[in-house]
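Residue numbers (the working numbering): 2 to 283.
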């Protein structure tokens with residue numbers, strides 16, 4: 002198994018008490034390593050954006066953290082405890098996941114799907130309380146989808162379904178939020194609404210891991226970027242330190258310019274395609 006590349010030398014040593022900790026995580030499928038010895042952690046109150054080219058292993062890492070996929074080597078810890086040390090109920094009270102799309106085959110209404118986020122808190126009879134219903138309404142209002150409450154999930158657009166999933170995760174009231182490209186199908190207004198809620202979640206002490214292909218948007222909202230290529234962690238640190246032409250060429254295979262906008266944000270503009278050093282590694 003290959004070791005992490007020198008570009009990842011700035012990664013902080015993992016600790017036992019991070020809100021979310023990846024410790025030498027590797028995932029193998031057949032004869033191919035999808036992820037190789039990835040280590041980084043996320044503190045309470047911190048947003049880390051996971052970025053990299055398609056097939057780099059981003060969603061695989063998120064699936065491991067959400068207990069959908071088991072790591073072949075290494076471990077993931079939530080609040081210092083191994084994933085399998087939590088019961089399903091305990092884990093669902095602490096970790097919420099927003100996948101790329103809703104795999105919902107039945108005509109549940111948007112409000113019903115959001116209310117599913119309260120399941121880890123239901124009593125033995127399984128009935129929602131008035132407080133649960135109010136929390137669901139509040140979560141829908143926070144992402145601007147109150148008007149979708151009675152609409153079937155099967156009738157909604159991809160962007161609308163994504164907003165429902167974000168609201169469901171928020172109403173779950175977790176300590177750790179995992180999001181897989183949550184703004185990919187959203188218009189600008191809803192994209193900003195989601196990022197505002199993610200930022201507020203972190204401000205209140207939550208830990209966030211968000212997969213994003215929009216480096217400028219990620220730089221605006223996160224404290225650190227974790228960059229993957231070829232299944233390996235190439236770099237992890239503040240966006241202003243990592244977003245430069247050399248790293249973008251190595252990780253993404255593009256010749257890009259990075260500049261600061263008038264409001265102090267970082268913008269990345271790709272000028273052409275190159276052959277990244279990490280493209281041959283699988």
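Ideal Cβ positions, reconstructed from N, Cα and C, are used throughout, including at glycine.
Helix, strand or coil for residue 281? Go by DSSP, reduced to three states.
The sequence position of residue 281 within the chain shown is 280, counting from 1. Annotation note: pLDDT 42 at residue 281 (below 50); position unreliable, coordinate value reported separately. The answer is coil: DSSP assigns residue 281 none of H, G, I, E or B.
In chain order, what residues of the same chain lie with their CB nearer than 8 angstroms to the CB of residue 75, ignoring the 5 residues before and after it?
Position 74 of the chain shown, counting from 1, holds the residue named residue 75. 23, 24, 25, 26, 27, 38, 39, 40.
Roughly how many angstroms lie between the CA atoms of residue 81 and residue 87, to the nearest whole one?
Your numbering for residue 81 matches position 80 in the chain shown. Your numbering for residue 87 matches position 86 in the chain shown. Approximately 11 angstroms, taken between the alpha carbons.
Go ahead and pull the three-state DSSP assignment for residue 268.
Position 267 of the chain shown, counted from the start, is the residue given in the question as residue 268. Residue 268: strand per DSSP, three-state reduction.
Classification of residue 203 by the beta-carbon crowding that lies within 10 angstroms, buried from 16 upward:
To locate residue 203, count along the chain shown from 1; it is residue 202. Counting Cβ neighbours within 10 Å, residue 203 comes out buried, since at least 16 surround it.
With 16 other CB atoms within 10 Å as the buried threshold, where does residue 1 fall?
Nothing about residue 1 can be read from this structure; the chain reaches only from 2 to 283.
Straight-line Cα distance separating residue 46 from residue 152:
Taking the chain shown and counting its residues from 1, one reaches residue 152 at position 151. Taking the chain shown and counting its residues from 1, one reaches residue 46 at position 45. Their Cα atoms are separated by approximately 34 angstroms.
Is residue 198 helix, strand or coil by DSSP?
One-based indexing of the chain shown puts residue 198 at position 197. It is helical.
Only counting runs of 3 or more residues, tell me where the beta strand (DSSP E) segments fall wholly within the segment 139-217, in order along the chain.
177-181, 208-212
Is residue 261 helix, strand or coil by DSSP?
Numbered from its first residue, the chain shown carries residue 261 at position 260. Correct three-state label for residue 261: strand.
Any idea if residue 283 is buried or exposed, counting beta-carbon neighbours within 10 angstroms, 16 or more meaning buried?
Here residue 283 refers to the residue found at position 282 when the chain shown is read from its first residue. At residue 283 the pLDDT is 37, less than 50, meaning the model places this residue with poor confidence and gives no usable figure here.
For the alpha helix (DSSP H) containing residue 248, list its first residue and its last residue.
Start at 1 with the first residue of the chain shown, and residue 248 comes out as number 247. It spans 246-253 - the alpha helix (DSSP H) in which residue 248 sits, taken as one unbroken run.
Residue 3, DSSP secondary structure in three states:
The residue labelled residue 3 in the question sits at position 2 within the chain shown. In this predicted model, residue 3 has a pLDDT of only 36, less than 50, meaning its place in the structure is not dependable; the value taken from the coordinates is given anyway. Reduced to three states, the DSSP call for residue 3 is coil.
Closest by CA to residue 57, which one among 169, 63, 250, 229?
By 1-based counting over the chain shown, the position of residue 57 is 56. Minimum Cα distance to residue 57 is reached at 229.
Could you spell out the range, first to last residue, of the alpha helix (DSSP H) harbouring residue 79?
In the chain shown, counting from the first residue as 1, residue 79 sits at position 78. No alpha helix (DSSP H) contains residue 79, which is instead part of the beta strand (DSSP E) from 74-79.
Tell me residue 223's beta-bridge partners as DSSP assigns them.
Here residue 223 corresponds to residue number 222 of the chain shown, with the count starting at 1. DSSP lists no partner for residue 223.
Name the residue from 18, 137, 164, 130 whose alpha carbon lies nearest to the alpha carbon of residue 189.
What you label residue 189 is simply residue 188 of the chain shown in a count that begins at 1. The shortest Cα separation from residue 189 among 18, 137, 164, 130 belongs to 164.
The beta strand (DSSP E) with residue 30 in it runs from where to where?
On the chain shown, residue 30 is found 29 positions in, with the first residue counted as 1. Where residue 30 is concerned, the enclosing beta strand (DSSP E) stretches over 21-30.
Cα-Cα separation, residue 1 to residue 239:
The requested residue 1 is not part of the displayed model; the chain covers only 2 to 283.
What does the alpha-carbon distance come out to for the pair residue 273 and residue 157?
Counting from 1 along the chain shown, the entry for residue 273 is found at position 272. Counting from 1 along the chain shown, the entry for residue 157 is found at position 156. The alpha-carbon atoms of residue 273 and residue 157 are separated by roughly 36 angstroms.
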